[in-house]
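**Q** Here the protein sequences line up with chains U and B, keeping their order. Counted the way numbering that gives the first Met the number 0 counts, the first sequence spans residues 0 to 220. Counted the way numbering that gives the first Met the number 0 counts, the second sequence spans residues 0 to 171. Each residue gets a CB set at the ideal place from its N, CA and C atoms; glycine is no exception.
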Amino acid sequence: MITDAMLREAAGEAERFLLAHLPESQPHHFSPRFERRMRKLISRANHPVRYLVLRYVAAVLLAVFTLFGAILAVSPEARASVNGWIRRPFFDYLYYFYKGEDKTAMAEYELTAVPKGYQLVDVIQSEGGKTYLYLKHDRSVLEFRYVCAAGTDHYFISIKDFDQHSVTVNGVLADVYISKKEDDTNVIVWQDPSENVVFHIFAEADKAALIELAESVQKTN
Amino acid sequence: MFVYLQMIETPEERSKFESIYLLYRDTMYAVAYRILQNPQDAEDTVHHTFLKILENLSKIPEIDCPKTKGYIVTIVENRAIDIYRRKKAHPTVPYDEKNVGTTVAYDGSDALAECILKLSPRQRNLLILRYHHGYELKEVAKMLGITYSNALTIEKRAKKKLKTICEEAEMI
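#1: Put residue 126 (chain B) into one of helix, strand or coil per three-state DSSP.
#2: Scan the region 109-163 of chain B and note each continuous alpha helix (DSSP H) run of 4 residues or more that stays entirely inside, going in chain order.
#3: Looking at the C-beta of residue 136 (chain U), does it have a partner C-beta in chain B at a distance below 8 Å?
#4: Any idea if residue 168 (chain U) is buried or exposed, counting beta-carbon neighbours within 10 angstroms, 16 or more meaning buried?
#5: Quick check: what's the CA-CA separation for residue 105 (chain U) versus residue 19 (chain B)?
#6: Is any beta-carbon of chain U found at less than 8 Å from that of residue 116 (chain B)?
#7: How would you call residue 30 (chain B), buried or exposed, if buried means at least 16 neighbouring beta carbons within 10 angstroms?
#8: Could you spell out the range, first to last residue, of the alpha helix (DSSP H) harbouring residue 45 (chain B)?
#9: How would you list, in chain order, the residues of chain B whose beta-carbon sits under 8 Å from the beta-carbon of residue 3 (chain U)?
#10: Where does residue 130 (chain U) sit, in a helix, a strand or coil, going by DSSP?
#11: Exposed or buried, what is residue 80 (chain B) when buried is set at 16 or more other beta-carbons lying within 10 Å of its beta-carbon?
#12: To the nearest whole angstrom, what separates the beta carbons of residue 41 (chain U) and residue 17 (chain B), a pair I think is in contact under 8 Å?
#13: Starting from residue 199 (chain U), follow its DSSP beta bridges and name the residues at the other end.
#14: Can you check whether the C-beta of residue 40 (chain U) is within less than 8 Å of a C-beta belonging to chain B?
#15: For residue 71 (chain B) versus residue 23 (chain B), is the C-beta distance shorter than 8 Å?
#16: Could you work out which residue in U:9, U:145 and U:133 is closest to residue 194 (chain U) when comparing CA atoms only?
#17: On the DSSP bridge list, what partners appear for residue 75 (chain B)?
#18: Check whether the Cβ atoms of residue 127 (chain U) and residue 147 (chain U) lie closer than 8 Å to each other.
#19: In angstroms with no decimal places, state the Cα-to-Cα distance between residue 198 (chain U) and residue 36 (chain B).
#20: Just reading off the alpha helix (DSSP H) that residue 42 (chain U) is part of, what are its end residues?
#21: Going along the chain, which residues of the region 5-24 of chain U sit with their C-beta nearer than 8 Å to a C-beta in chain B?
#22: Please confirm if the region 42-62 of chain B is in contact with the region 27-45 of chain U, defined as three or more CB-CB distances below 8 Å between the two stretches.
#23: Determine which residues of the region 71-90 of chain B have a Cβ less than 8 Å from any Cβ of chain U, and write them out in chain order.
#24: So for residue 215 (chain U), helix, strand or coil by DSSP?
#25: Which first and last residues belong to the alpha helix (DSSP H) in which residue 3 (chain U) is found?
#26: Going by DSSP, what residues sit across from residue 24 (chain B) in a beta bridge?
#27: For the beta strand (DSSP E) holding residue 163 (chain U), just list the boundary residues, first then last.
#28: Do the CB positions of residue 133 (chain U) and residue 120 (chain U) come within less than 8 Å of each other?
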């Protein structure tokens, strides 16, 4: 008969033995992608309460936007008063939400000037848009995403630790967010008001390169 | 409100996770890499393990101690085995079966510990977390990313197999 006390003692001895026979660990040079993910995790660990509050706030805001959408659905007066994508900063986030009823059919776009070295690894089709993921050999990520009003009423991006710059993309006002952290991913966000589409590109690129990337986006249908 | 919230995050609590990260990341990578033989998969495993550690940070009383190291190695090994099995089901690169889990020949004097080491890594890890670390089965299930009923089944089978191994070794 094996008692719990015997198991406790033997399990401890088994673990001690396993720890004494671990593979030899050399200092490993972790990839930039891993370091970025860990920085986010450490930031979340360092501010657990704020993280929980922000999650709560995000949930509440989504509920508010859903409610707002419901009001718009039943109120012609409310629908008449607003139209298009609206941007609202909120704590460390930017909320983009669509207001209006003249939703267009979903347009298709593509990035025509993908920087050298990036390979398209995934295309994610969602109800309201598409996400193109490109990857380089060093695991650098480039994400091009667009969301049409036809399928999505809101989405948000985190801009914590970013500096904002107002720029233009093919004559349309846009925002570039440059990370305050070295080697981090930067982002450009802009809209095509005529099609009710909002775009963003995340990439390890500077402001000028992001604008160039954004200006290379072309409609394909 | 935020001023108050910031105040209850003590510097000690703030640095705990980061200290664990800096102390164990290379060991965790080595454990994951031994199983997966792929740098990206090993890094993903380490990242996922830190997510689990963050969820259970309050259960780690001391940063630099064998018990914490054992707990972390157990979690990372378990995750690496999960990824290994998934990759094996959809193979894109060859994996070597013999690298799955830590398998070492015991040369100590505790016969029951020797039998525990003959269990599968998942069974062994569950018993170590349950009986050496003293976690409830529900907590272990959460740490290993399995359902409670699955954890119950693994524990039941582990004990049954342990009994068989002990009988074969004429321990009981």
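**A** The structure says:
#1: helix
#2: 110-115, 120-126 and 136-143
#3: no
#4: buried
#5: 47 Å
#6: yes
#7: buried
#8: Annotation for residue 45 (chain B): the continuous alpha helix (DSSP H) segment containing it runs 38-54.
#9: 130
#10: In the structure shown, residue 130 (chain U) sits in a strand (DSSP, three-state: E or B).
#11: buried
#12: 5 Å
#13: Per DSSP, the beta-bridge partners of residue 199 (chain U) are U:144 and U:188.
#14: So yes, residue 40 (chain U) belongs to the interface.
#15: Yes, Cβ-Cβ distance for residue 71 (chain B) and residue 23 (chain B) is below 8 Å.
#16: U:145
#17: Its beta-bridge partners do not exist; DSSP assigns none.
#18: yes
#19: 38 Å
#20: 31-45
#21: 5, 6, 7, 8, 9, 10, 11, 12, 13, 14, 15, 16, 17, 18, 20, 21, 22, 23 and 24
#22: Between the region 42-62 of chain B and the region 27-45 of chain U, the count of C-beta pairs closer than 8 Å reaches three or more; the two stretches touch.
#23: 72 and 73
#24: Note: residue 215 (chain U) maps to coil in three-state DSSP.
#25: 3-19 is the extent of the alpha helix (DSSP H) around residue 3 (chain U).
#26: In DSSP, residue 24 (chain B) forms no bridge with anything.
#27: 161-168
#28: Pairing residue 133 (chain U) with residue 120 (chain U) gives a Cβ-Cβ distance under 8 Å.
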